[in-house]
Amino acid sequence: MHTHDWITTPLTAALLRGALELERTEHGGLLPHRLPARARAQCADPQLALAESQPSGVRLAFRTRATAVELDTLPTKRVYAGAPPRPDGVYELLVDGRPHARAEARGGHTLTIDLATGATEHRPGRPATLRFTGLPDRAKDVEIWLPHNETTELVALRTDAPVEPVPDRGRAVWLHHGSSISHGSDAAGPSSTWPAVAATRGGVELINLGLGGSALLDPFTARAMRDTPADLISVKIGINLVNSDLMRLRAFTPAVHGFLDTLREGHPTAPLLVVSPLYCPLHEDTPGPAAFDLGALSEGKLRFRATGDPAERAAGKLTLTVIRDELARIVRQRAADDPHLHYLDGRALYGEADYAELPLPDELHPDAAAHRRIGERFAELAFAPDGPLAVRTA
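Counting from 0, one number per residue, gives the positions in the sequence shown under numbering that gives the first Met the number 0.
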């Protein structure tokens, strides 16, 4: 059996990309956060706390001649009472941008969530060790994409050759904010969420602030984006506002203006793309809130249903159709003074024909094949030489 002379490299910000903040833990490791502490302190919502601590788009990145890598992690597994077991989070190792290996971390903490009552129970666990072998024996860039849907504390990194941070190669930084769809729900893995697919095809560095259930025009998210260095910015707005039934049209319009105003404080001339919702029959013309389909849940299936009344649109309740129309109007109005502001109808990424071919399994979230299609289309539409986020403008 081959043995390795392991070198332990301290985990530092220089080896991590895609996180806005790193928290040093009691185990001496690092917990990546996708919102800074100042933002987290302004909202006690446990849904947001869970989403921002799941490292969608966060990856270790280093240059090395190592042929073997070990990573100790302490994941937090989610268990939904009454629902089918969730698969373990996936870690994907890429060599020079190409997939090399996948692994899953067994054990770790367990967070049990009762979907009917919202009650939670946390049980502590132990770290796990992932080993990747057979890497080519040459100088190379190595990335380890962390699970997009599983809170992951990084405990230790070991290799059989020294590592150093990947040098800056001048790629444009793309900062994106959206809902659980941007977060990556039901994607095949962390490098297969639609933003990750789009970033790879567009040749840009991704910072993914897709926050499951929490794309709600929160001012603290806008300020976090304002203060994050970026060359290209996109904001996908809509589905969470409908399925949470958070606000009416009267509040929505100024909230969008305020969010965009804040972004412009930190990025006055960066290309900024506003993306409206993907096609979703559940809420096209029916307001929220969305609710779990308890009948499906009793059969071990996860599915959502709309509980609003289409007649309530007259009172200002939001639907996806209402939001698309208003976002298009807002961007058209602002673009008269902001030539770097653009609009993209989300149905160009996933529309009615796509739903017929690749339906939403739970009526809200695209599956793995749809994630890839959405990412490829976004890259074609946004990052093309004549697109709104053309890399040449970065």
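Beta carbons are placed, not taken as given, at the ideal position from N, Cα and C, and that holds for glycine.
Check residue i in the structure and name its three-state DSSP category.
i, result
"G124", "coil"
"L357", "coil"
"R376", "helix"
"A60", "strand"
"L205", "strand"
"D260", "helix"
"F251", "helix"
"A80", "strand"
"G106", "coil"
"P164", "strand"
"L240", "helix"
"E51", "helix"
"P45", "helix"
"P267", "coil"
"H176", "strand"
"A100", "strand"
"L281", "helix"
"R33", "coil"
"L14", "helix"
"A155", "strand"
"R130", "strand"
"A389", "coil"
With distances taken between CB atoms, is the gap from residue i to residue j smaller than 8 Å?
i, j, result
"F251", "E325", "yes"
"L110", "L70", "no"
"G269", "D230", "Correcting the residue type first, residue 269 is Ala in the shown sequence and not Gly. Closer than 8 Å, so yes."
"F377", "W193", "yes"
"P309", "Y354", "no"
"L59", "L15", "yes"
"A18", "P54", "yes"
"L262", "R225", "yes"
"L146", "P74", "The sequence given here places Pro at residue 146; Leu does not occur at that position. It is a contact, given that the beta carbons lie within the stated cut-off."
"G287", "V241", "yes"
"E390", "V203", "Residue identity check: residue 390 is Val in the sequence provided, not Glu. A contact, by the Cβ cut-off of 8 Å."
"F51", "R39", "Looking at the sequence shown, residue 51 is not Phe but Glu. Closer than 8 Å, so yes."
"L388", "S233", "yes"
"G345", "S275", "yes"
Pop quiz: residue i and residue j are said to be a contact at Cβ under 8 Å. What is the actual Cβ separation, rounded to whole angstroms?
i, j, result
"L87", "A100", "As written in the sequence, residue 87 is Asp, which differs from the Leu given in the question. D87 to A100, Cβ: 15 Å. No contact."
"R64", "R137", "6 Å"
"K235", "A214", "7 Å"
"I206", "L156", "Not a contact, Cβ separation roughly 21 Å."
"H282", "L319", "5 Å"
"T285", "G307", "5 Å"
"V154", "T72", "6 Å"
"V394", "V273", "For residue 394 there is no data in the structure shown, the boundaries of the chain being 0 and 393."
"G211", "H176", "Wrong, their Cβ atoms sit about 12 Å apart, outside the cutoff."
"S184", "L93", "Contact flag wrong, Cβ pair sits at about 22 Å."
Please go through the same chain and pick out, in chain order, the residues whose beta-carbon is closer than 7 Å to the beta-carbon of residue i, but skip the five residues on each side of it.
i, result
"H121", "H108, L110"
"H339", "T268, A269, P270, L271"
"T227", "L19, L174, I206"
"L245", "L215"
Skipping 5 residues on each side, what residues in its chain have a beta carbon closer than 6 Å to that of residue i?
i, result
"E20", "H32, P35"
"T132", "A67"
"S178", "A214, I238, N239"
"A295", "R302"
"A197", "G374, F377, A378"
Review point. Could you give the uninterrupted runs of the beta strand (DSSP E) lying entirely in the stretch 291-355, keeping only those of 3 residues or more?
Key: 303-305, 340-343
Exercise for review: Entirely within the stretch 179-237 and at least 3 residues each: give me those beta strand (DSSP E) ranges in chain order.
Suggested key: 204-209, 231-235
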